[in-house]
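In the numbering used here, the protein residues as written are 1240 to 1418.
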């Protein structure tokens, strides 16, 4: 049987991205562009779309990019990534996502968890790129307040999750767990 082209798979995700644009339009109409609610709504819609992308595109995620360098985890800790993880635990996000990560608390499930960190990182890097594009678009239109809220939401919802996934994968690499 002939495998589908990855380009065709990516093309299949475009209707979902149009849905995200629709959510953004609706959020702008309901909340306005000037506050945090628009930025949060757009990023939540983007994250939902990213889950669809993972299921549709099924990326291999084997690039050397996913190998965490020895110096990275220390830098990310210095940037407050462990406080960010503490916040996620406080609001219950870690508990909510645990089953999706495939980690059951035993060593045998660490390989599945390692793959989940790659998937999450891939998604958040993709969305951070889109998010920074939105920030630049808002700034180009002179919408500085909107650009600032989009930037803050991008850092919170996309950039810090990338740093957190890389920090967790550094721990796994030290244990010899790699895909």
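Using N, Cα and C, we set each Cβ at its ideal position, and we do this for glycine too.
What would DSSP say about residue i, mapped onto helix, strand or coil?
{"i": "residue 1351", "result": "helix"}
{"i": "residue 1417", "result": "coil"}
{"i": "residue 1241", "result": "Residue placement at residue 1241 is flagged as unreliable, the pLDDT there being 47, under the threshold of 50; the coordinate-derived value follows with that caveat. Residue 1241: coil per DSSP, three-state reduction."}
How long is the line joining the alpha carbons of residue i and residue j, rounded to whole angstroms?
{"i": "residue 1332", "j": "residue 1316", "result": "19 Å"}
{"i": "residue 1254", "j": "residue 1409", "result": "35 Å"}
{"i": "residue 1203", "j": "residue 1302", "result": "This structure gives no information on residue 1203, because the portion of the chain shown stretches from 1240 to 1418."}
{"i": "residue 1394", "j": "residue 1306", "result": "22 Å"}
{"i": "residue 1318", "j": "residue 1324", "result": "12 Å"}
{"i": "residue 1244", "j": "residue 1277", "result": "35 Å"}
{"i": "residue 1241", "j": "residue 1296", "result": "With a pLDDT of 47 at residue 1241, under the threshold of 50, the modelled position of this residue cannot be trusted, and the question is left open."}
{"i": "residue 1404", "j": "residue 1413", "result": "14 Å"}
{"i": "residue 1407", "j": "residue 1320", "result": "10 Å"}
So, at 6 Å on beta carbons, what are the nonlocal neighbours of residue i in its own chain, with the 5 sequence-adjacent residues on each side left out?
{"i": "residue 1259", "result": "1284, 1285 and 1288"}
{"i": "residue 1363", "result": "1397, 1400 and 1401"}
Going by other Cβ atoms of all chains shown within 10 Å of its Cβ, with 16 needed for buried, is residue i buried or exposed?
{"i": "residue 1263", "result": "buried"}
{"i": "residue 1257", "result": "exposed"}
{"i": "residue 1373", "result": "buried"}
{"i": "residue 1280", "result": "buried"}
With a threshold of 8 Å on Cβ separation, who are the neighbours of residue i within its own chain once the five nearest residues in sequence on each side are excluded?
{"i": "residue 1411", "result": "1349, 1352, 1353, 1356 and 1417"}
Between residue i and the rest of its own chain, which residues show a CB-CB distance below 7 Å, the 5 nearest in sequence each way excluded?
{"i": "residue 1326", "result": "none"}
>> For the structure I just gave you, are there three or more beta carbon pairs, one from the segment 1311 to 1330 and one from the segment 1363 to 1372, closer than 8 Å?
In response: no
>> Pairs of beta-carbons, one from the segment 1271 to 1285 and one from the segment 1384 to 1394, closer than 8 Å: are there three or more?
In response: yes
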